[in-house]
Every structure is written in structure tokens, then in C-alpha cells.
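Q: Each residue of the sequence shown is one higher than the one before, counting from 1 in this note's numbering.
From the three backbone atoms N, C-alpha and C, an ideal C-beta is built for every residue, glycine too.
Below: one structure in C-alpha cells.
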Amino acid sequence: MIRFILRRLGWSLLVLWFVATVTFFGSLRVGDPVVTLAGPHASARDRAFIRHFYHLDEPPIRQYAHYMGNLVKGDLGRSFRYRQPVSALIAVRLPRTLLLGAMTIAFELALGILAGTIAALRRGTRTESLVLGATFVGISTPTFLSGKLFLFIVAYQWGWFPIGGYGDTALSHVWHGILPAVTIGLLGTAWQARLVRGELVEVLQSDYVRTARAKGLSPAAVVVKHALRNALLPVLTSLGLSFGALFSGAIVTEAIFAWPGLGRLAFEAITGMDLPVMMGTVLLASTGILVGNLLTDLLYAALDPRIRRG
């Protein structure tokens, strides 16, 4: 098991190095950040000073070596826009996005498992068709469209939730995060519902479920204690693969709902050509995805020894 973990960690570090390298050299082709930093009316002397301060006057290879050296020390650079260390900006924004991510996962699990279970138990009925139709809508609707609709109808027209922002207290943080979490979680909820339905339909036809029914157990006990417990394993392990969708959805959703998290920081960095922040958020998102995949691999390995030996 230890060798398996070390092997996965080694691959994860290699992927992070590759992401950092591609992101760095890709940032060299998006334009001259000095124009954004100095403004259109800056003198040549001011622009030269900015280039030297941010090491932009050095060859690309030396810039890359400087960037990787700082990265190893945990230094992600300084923001062009905020004039602050990128790590400090991320430290403030990251907990807010983690809160939104936790609410999103809770929403996906609660509604996805419930809808999938209902569809499996009501197989061949209009209820199943309704659930499958709703999941098709959830999968097909872009995040920016569902976010705009929720913001205009549910928050503005009906006034059920705040239009945007973050709030001042812990309870208001959760209250302000409900609509953004639902917006991000629509796609994941639809996939979870379909996955639960498919797994549960298969499990309900297995021999040990028939045996449980033959013993006289109630239908609820058969579903909860025997069928649903086995059907949920693929759902739990699939959560590790959803971190990429969570972050990409957070970029759009946080911008729509003015949620001051990591996604909005990344959106502002992209629109404002804040290259250090852009590279830092991409690297952090990649780390989150790799951690999620690593946890998924470890869970699979703990349940199936063949994976550890493979």
C-alpha cells in the first residue's frame, strides 16, 4: 500500500510540474503585462523599472528558472493588480470557495441520491421519466445560464435569496451561498442521480437482495441496509473526479453572484491579465483535482487489492 501511495504521489508531482511549466510558457504569449501594469501614459523609464522589478526583461528560460525556484519555496509571486503576494490573496479567498464547494457536494449528494433512488424504485413509471428528464435538463443547461436564471428569478423577482455577495456572519455566508451552490451543483446532481439509479436498478436484481426479501425484511430495510449501501460506493468514489467541475463552475458562478472566492479571483485575473494570480489559481486548482483523484485511487485501492498490485 505504501508503494502504491508513493507511486501516485510521484505521478501527482510530475503532473503539477507539467501544469506549472505549460502555464508559465503559455502566459508569455498572452501579451505584454507591462502595458496593464504601467498604464497607457507611463514613461519609458517607468516601464523599464517595472520590467526589471518583475524580471520581465530576462530571457524566458531565466524567468522560468526564477519562477520555479520561487515556487519550490512556496512563493507564487506578486499580483499585478493588487500589489500583494498571490499566496496572501489565495489564503483569503480559498476558505470561501471551500465553503461553497462543501455546500455544493452536500447538495449533489442529498438531491442526487434521493432522485436516483426514487427513479430506481419507480422504474417504468412516469416518476422515473420525470426524474430522467430533469437530469437531462441539468446536464444540458450551461452553468452561466442557470446562474443568470436563478439570480434574476429566484433572487431578484421572488426575493427568496440575496442577489449576491458574501454576508457578514457565518450564517449569512451559508445563506448567501445557497444559490451559487445549487448553480454549481446542478450538473453533478444530475450525474449522481443517473449513477445512483443505474447502480440501484442492478443491485435490486442481485441474489442477496432477493435473499433479504425472502427473509421477510421490510422493503425499506432491503433498500437502505442492503441495496443502497452497495449502490452508493461508485457515487462516493466519483466525488474525487468532480473537483475539476467544481472549480470551473466556481469561476463562472462566483462572478455572477459576486461571491468573493477563488473562482472570482481567477476570473478577475483572466480579464485583467494578472498573470501571477492566473498561474497561481490554475496551479491550486490542479492541486485540488490531483488530491481528489488521489483520494479516489486510495479508496479504490483499499477496497480492491488488485489495484494496489497493478
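In whole angstroms, give me the CA-to-CA distance for H55 and T296.
A: Looking at the two C-alpha atoms, the distance is approximately 40 Å.
Q: Could you check the C-alpha separation between A110 and A212 for me, to the nearest Å?
A: One C-alpha to the other measures close to 26 Å.
Q: Would you grab the beta carbon distance between L262 and A250 for me? Rounded to a whole angstrom, and I think it's under 8 Å.
A: Contact holds; Cβ gap of about 7 Å.
Q: Mapping the DSSP letters down to three states, classify P276 as helix, strand or coil.
A: It is helical.
Q: May I have the straight-line CA-CA distance separating A190 from A91, to the nearest angstrom?
A: Going from the Cα of A190 to the Cα of A91 covers about 32 Å.
Q: For the stretch 86-101 against the stretch 262-280, do three or more pairs of beta-carbon atoms, one drawn from each stretch, fall closer than 8 Å, so that the two count as touching?
A: Touching, per the Cβ criterion.
Q: Helix, strand or coil: how does DSSP classify P85 here?
A: The answer is strand: DSSP assigns P85 an E or B state.
Q: What are the start and end residues of each continuous beta strand (DSSP E) run of 3 or more residues lying completely inside the stretch 6-76, in chain order?
A: Entirely contained in the stretch 6-76, not one beta strand (DSSP E) run reaches 3 residues.
Q: When the Cα of L195 is compared with those of A119, W17, W175 and S206, which residue comes out closest?
A: Nearest of A119, W17, W175 and S206 to L195, Cα basis: A119.
Q: List the endpoints of the continuous alpha helix (DSSP H) containing P180.
A: Per DSSP, P180 belongs to the alpha helix (DSSP H) from A170 to L204.
Q: Would you check if the distance between the CB atom of R8 and the CB atom of L236 is smaller than 8 Å?
A: Not closer than 8 Å, so no.
Q: Would you kindly check if the distance between the Cβ of L290 and the Cβ of S12 is under 8 Å?
A: Yes; because the gap between Cβ atoms is below 8 Å, this pair is in contact.
Q: Pick out the complete alpha helix (DSSP H) segments inside the stretch 112-151, 4 residues or longer, and give them in chain order.
A: Correct list: 126-140 and 143-149.
Q: For S213, report the span of its alpha helix (DSSP H) as first-last.
A: The question names Ser, but residue 213 is Arg in the sequence shown. Its alpha helix (DSSP H) spans residues D207 to A214.
Q: Can you name, in chain order, every residue of its own chain whose Cβ lies under 7 Å from the Cβ of L71, other than the five neighbours on each side?
A: Closer than 7 Å at Cβ, skipping near neighbours: A20.
Q: Considering only their Cβ atoms, is the gap separating V209 from R123 smaller than 8 Å?
A: Not a contact, by the Cβ cut-off of 8 Å.
Q: Within its chain, find whatever has a CB closer than 6 Å to the CB of G311; leave out the 5 residues flanking it on each side and keep chain order.
A: It is not possible to answer for residue 311, since the shown part of the chain is limited to 1 through 310.
Q: CB-CB under 8 Å to E58, same chain, minus the five flanking residues each way: which ones, in chain order?
A: The answer, listed in chain order, is H66.
Q: Need the endpoints of the alpha helix (DSSP H) that L239 sits in, please.
A: That residue, L239, is in no alpha helix (DSSP H); it is neither H nor E in DSSP.
Q: Considering only the alpha carbon of each residue, which of V224, L151 and V137 lies closest to G188?
A: Checking every option, the nearest Cα to that of G188 belongs to V137.
Q: With A269 and T281 assumed to form a contact (beta carbons below 8 Å), what rounded beta-carbon distance in angstroms separates them?
A: Right, their Cβ atoms sit about 6 Å apart.
Q: Measure the C-alpha to C-alpha separation of L179 and A170 and round it to an integer number of angstroms.
A: In a straight line, the C-alpha of L179 is about 16 Å away from that of A170.
Q: At what residues does the alpha helix (DSSP H) containing I270 begin and finish?
A: I270 -> alpha helix (DSSP H) spans L262 to T271.
Q: Would you report the Cα separation of L37 and T117, rounded to the nearest angstrom?
A: In a straight line, the C-alpha of L37 is about 54 Å away from that of T117.
Q: According to the Cβ coordinates, are V131 and A193 closer than 8 Å?
A: Against a cut-off of 8 Å, the Cβ pair of A193 and V131 comes out as a contact.
Q: Buried or exposed: I153, going by 16 or more other Cβ atoms within 10 Å of its Cβ?
A: The residue in question, I153, is exposed, as its Cβ has fewer than 16 Cβ neighbours within 10 Å.
Q: Can you say whether A44 is buried or exposed, counting buried as having 16 or more other CB atoms within 10 angstroms of its CB?
A: Flag for A44 reads exposed.
Q: Check this for me: beta carbons of R96 and P276, under 8 Å apart or not?
A: Cβ distance not < 8 Å, so R96 and P276 don't count as in contact.
Q: Can you list, in chain order, the residues of its chain whose CB lies under 7 Å from that of L28, leaving out five sequence neighbours each side?
A: Around L28: P60.
Q: Starting from A231, trace the alpha helix (DSSP H) in both directions and tell me its first and last residue.
A: From DSSP, the alpha helix (DSSP H) with A231 extends over L228 to A231.
Q: By Cβ distance, which residues of its chain are closer than 6 Å to I113, with the 5 residues on each side in sequence left out?
A: Within the same chain, I113 has close Cβ partners V196.
Q: Would you call H52 buried or exposed, if buried means 16 or more other Cβ atoms sit within 10 Å of its Cβ?
A: Result: exposed.
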